[in-house]
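Residue numbers (the working numbering): 67 to 211. The structure appears below as structure tokens.
This is the structure:
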């Protein structure tokens, strides 16, 4: 049965609970591993989330498989809470579903991705390494006063 990517994403998103920016920040404070899968050009342009681990999307499963020889030091259990972050929350859905298939049942993703995190005014490390707190809403920057 053929279906569009939007239909596929919608179906995947019914299999786990996605987190909003504030929930993802809270999960990280409680020990969840934030994993930024954005490619380098986006990180260089927009910055990163302090404390997030950078893992290229094509290496994600190898780095987070607790039984794998190429795993991250943090990937010690299939019960590890993982929050996958992409740019806008699309690729992270596919990535979280792949982690579920691997047995990481506590994996989820950040709805809206890095852009939602930044728009929520949560901490971001600028590309030059300077910690910043961006404006609460990107859309509000262009709104008339």
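Glycine included, each C-beta is placed from N, C-alpha and C at the ideal position. Every value quoted in this text rests on a predicted model; they were computed, and no experiment measured them.
{"query": "Residue 185 beta carbon less than 8 Å from that of residue 175", "result": "no"}
{"query": "Residue closest to residue 181, alpha-carbon to alpha-carbon, out of 134, 104, 125", "result": "104"}
{"query": "Cβ contact (3+ pairs, closer than 8 Å) linking the segment 70-77 and the segment 117-128", "result": "no"}
{"query": "Assumed close pair residue 148, residue 160 - CB separation to whole angstroms, cut-off 8 Å", "result": "Not quite, the Cβ-Cβ distance comes to about 14 Å (not below 8 Å), so this is no contact."}
{"query": "Simplified DSSP assignment, three categories, for residue 177", "result": "coil"}
{"query": "Residues bridged to residue 103 (per DSSP)", "result": "Answer by DSSP bridge pairing: none, since residue 103 is not bridged."}
{"query": "Beta-carbon contacts of residue 156 that lie in its chain and below 8 Å, excluding the five residues immediately before and after", "result": "75, 179"}
{"query": "Unbroken stretches of the beta strand (DSSP E), 3 residues or longer, contained in the segment 68-124", "result": "99-102"}
{"query": "Supposed close pair residue 218, residue 115 - CB separation, criterion 8 Å", "result": "Because the chain is modelled from 67 through 211, residue 218 falls outside the range shown and cannot be assessed."}
{"query": "Between the CA atoms of residue 154 and residue 183 - distance to the nearest angstrom", "result": "10 Å"}
{"query": "Outcome for residue 111 when other beta-carbon atoms lying within 10 angstroms are tallied against a minimum of 16", "result": "exposed"}
{"query": "Spatial neighbours of residue 193 in its chain, beta-carbon cut-off 6 Å, leaving aside the 5 residues before and after", "result": "110, 113"}
{"query": "Assigned exposure category for residue 85 - 16 Cβ within 10 Å defines buried", "result": "buried"}
{"query": "heavy atom of the ligand FMN below 7 Å from residue 189 C-beta", "result": "The model depicted lacks the ligand FMN and carries no ligand whatsoever."}
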